[in-house]
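Peer 1:
In my numbering, the protein residues as written are 69 to 174.
In structure tokens form, the structure reads like this:
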């Protein structure tokens, strides 16, 4: 029998308390911003404090190969898995498309 892993809400004020742990975070994407050598998937209005998924340019080809159109994630409900770090708010660095599960339109 497998363990049940709790799913955290992307806009939860307590998400920062889980920095340094492996988490599953769910939320609706507010926007996707390509900035310098990264793509940022944002879940709130203030990228300096809200949860973000960051993808380095060296990893973007994997997402393209998996047919994940990052720009089309806006307004989509997604789950992301990974280590939660603190970088302008709580963040997960996605290196593989398997870390992101598309749940649908909100």
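Quick reminder that beta carbons are idealized off the backbone N, C-alpha and C, glycines included. The structure displayed is predicted, hence computed values, not measured ones.
Between the Cα of residue 126 and the Cα atoms of 148, 164, 169, 156, which residue gives the shortest distance?
Peer 2: 164
Peer 1: State buried or exposed for residue 158, treating a residue as buried only when at least 16 other CB atoms are found within 10 Å of its CB.
Peer 2: buried
Peer 1: Tell me, which residues are paired with residue 170 by DSSP?
Peer 2: In DSSP, residue 170 forms a bridge with 146.
Peer 1: Please state whether DSSP places residue 101 in a helix, a strand or coil.
Peer 2: strand
Peer 1: Less than 8 Å between the C-beta atoms of residue 75 and residue 98, yes or no?
Peer 2: no
Peer 1: Taking C-alpha atoms, which residue in 110, 92, 122 lies nearest to residue 161?
Peer 2: 122
Peer 1: Compare the beta carbon distance of residue 105 and residue 152 with 8 Å and say whether it is the shorter of the two.
Peer 2: no
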